[in-house]
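FYI, in the UniProt record's numbering the residues of the sequence shown are 1 to 83.
All residues carry an ideal CB built from backbone N, CA and C; glycine is no exception.
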Amino acid sequence: MSAQKNTPPNPIDACVRDNLEAFFRDLDGQEPHSMHEMLIKLVEKPLFEIVMREAGGNQSKAAQWLGINRNTLRRKLTDHNLG
């Protein structure tokens with residue numbers, strides 16, 4: 001059995017929280033800028049990669065799963081160099 005199966009799942013929000021705390025520690029007192037945009041970009045790319053893979057490349061299905069318009073999905077895929 002792999003170590004991954006023995007490790008309890010780490011909810012996404014806990015992963016984000018842990019990484020944001022590390023981000024602020026690494027700033028070492030400097031003020032952050034454009035955090036919302038940065039975080040959205042960092043989360044969107046892997047989200048679209050995984051959803052597109054799981055949807056078998058079907059953009060209509062992926063858009064439905066994501067709750068977004070297919071044209072929006074296409075634009076986002078292009079923005080992230082995934083399409």
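Counting along the chain, alanine 55 sits inside no alpha helix (DSSP H), nor does DSSP assign it H or E at all.
Contact check for lysine 76 and glutamate 37: beta-carbon distance about 14 Å, past the 8 Å limit, so the pair fails to qualify. If you draw a 10 Å sphere on the C-beta of methionine 52, you find 16 or more other C-beta atoms in it, and that means buried. By the criterion of a C-beta distance shorter than 7 Å, histidine 80 is surrounded in its chain by Glu44, Lys45, Phe48, once the five residues flanking it on both sides are discounted.
Runs of alpha helix (DSSP H) with 4 or more residues, each lying fully within the region 5-31, are found at 12-27, listed in chain order.
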